[in-house]
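Peer 1: Per our numbering, the very first residue in the sequence shown carries number 1240; after that it's consecutive. Every residue, glycine too, gets a C-beta built ideally from N, C-alpha and C. All values reported here derive from a predicted model rather than from experimental measurement. Please read through the structure below; I'll follow up with questions.
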Amino acid sequence: MSELVRIAKIDEVEEGKGMVVEAGEKCLAVFKVEGAFHVIDNTCLHRGGPLGEGDVEGETVTCPWHGWEYNVKTGHCLNNPSSHVRTYPTVVEDGEVKADLA
């Protein structure tokens, strides 16, 4: 059975920016793009950089360490199309971003 976990308050996440959060035992990145929230694993597949600290342009976040790019909606890596970071179903409830981490 899945359980929604609080990720952040909606006003903590800026439009077009990322944010690193700890939820349970996971380190996640949360993004707000065109008013919608997206939660992905924070760790870049290349060298483990923090995706939540990367620059965001449209739906793409760039890892601040070596420039690998990911789609924040799908988790797909643009530098290595066979790879992706995990994405989590996300909802907004009572002014909070919540995700299903199961």
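1. Count Cβ pairs between the region 1279-1291 and the region 1313-1323 that sit closer than 8 Å; are there 3 or more?
2. Using 8 Å for Cβ pairs, my map puts Ala-1338 next to Ile-1249. What's the rounded Cβ distance?
3. Let's test the definition: count the other Cβ atoms within 10 Å of the Cβ of His-1277 and tell me whether it reaches 16, buried, or not, exposed.
4. To which residues does DSSP link Glu-1254 through a beta bridge?
5. To the nearest angstrom, how far is it from the Cα of Val-1260 to the Cα of Thr-1329?
6. For Val-1272, does the count of other Cβ atoms within 10 angstroms reach 16, so buried, or fall short, so exposed?
7. Report yes if the CB atom of Val-1311 is closer than 8 Å to the CB atom of Glu-1296, and no otherwise.
Peer 2: Taking the structure as given:
1. yes
2. 13 Å between Cβ atoms; not a contact.
3. buried
4. Partner residues in the beta bridge of Glu-1254, as assigned by DSSP, are Lys-1271.
5. The C-alpha of Thr-1329 is placed about 14 Å away from the C-alpha of Val-1260.
6. The residue in question, Val-1272, is buried, as its Cβ has 16 or more Cβ neighbours within 10 Å.
7. Contact check for Val-1311 against Glu-1296 fails: the beta carbons are separated by 8 Å or more.
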